[in-house]
Amino acid sequence: MSALTGTPAADLGSVFDAHVKPEFVDHDVDATMRTMVAEPYLLNVPTLAGGVGAAEVRRFYERYFVGKMPADTKVERVSRILGRDQVVVELILSFTHDVPLEFMLPGIPPTGRHVELPHVVVMKFEHGTIAHEPI
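The sequence shown lines up with residues 5 to 139 when you count with our numbering.
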């Protein structure tokens with residue numbers, strides 16, 4: 005049990021999974037947002053894309069991310085570390101670059117090439133709910 009969140013660390017991993025599934029599988033912005041605090045923030049560190057607060061995070065998800073990734077997108081988990089109030093995941097995101105991905109590859113039109121990008125996600129929690137997600 006985490007002294008900071010009151011939530012077992014294993015449950016934070018389940019919340020992480022419940023957040024990622026609607027992003028990549030179900031393409032459901034509402035389900036994604038339900039895993040987050042009322043005013044979360046999201047930051048794609050290399051390009052500074054994302055948002056602060058529910059309205060900006062929702063806008064980012066709706067315009068650029070959820071349901072906007074190439075159809076063949078795959079997420080391969082390399083490692084996952086569960087902490088008292090955070091989950092850190094190393095992953096490889098792979099896809100065919102056949103759609104614009106302005107949040108990730110700004111100014112680069114679709115190339116048709118296969119892409120594999122390593123990522124580190126540091127998901128912080130407040131009371132068992134996602135507070136922020138720098139990627």
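From the three backbone atoms N, C-alpha and C, an ideal C-beta is built for every residue, glycine too.
No experiment lies behind these values; they were computed from the predicted model shown.
- Annotated three-state conformation of ALA59 is helix, per DSSP.
- Counting the other Cβ atoms within 10 Å of the Cβ of GLU120 gives fewer than 16, which makes it exposed.
- The straight-line gap separating the alpha-carbon atoms of THR133 and HIS101 is approximately 32 angstroms.
- The residue among MET127, ALA42, ARG67 with its C-alpha nearest the C-alpha of LEU86 is MET127.
- Counting along the chain, no alpha helix (DSSP H) covers THR100; the unbroken beta strand (DSSP E) around it starts and ends at 90–100.
- LEU52 counts as exposed, since fewer than 16 other beta carbons sit within 10 angstroms of its beta carbon.
- For PRO122, DSSP records a beta bridge to ILE96.
- Counting the other CB atoms within 10 Å of its CB gives ARG81 a total below 16, which places it among the exposed residues.
- Selection PRO110, VAL24, GLU60 evaluated against PRO50 yields PRO110 as nearest (Cα-Cα).
- Excluding the 5 residues flanking it on each side, PHE69 has same chain C-beta neighbours closer than 8 angstroms at GLU27, PHE107, in chain order.
- Closest in alpha carbon position to ALA35, among ILE96, THR77, ARG62, VAL124, is ARG62.
- The continuous stretches of beta strand (DSSP E) do not include MET108, and DSSP gives it neither H nor E.
- Between PRO104 and PRO114, the alpha-carbon positions lie close to 6 angstroms from each other.
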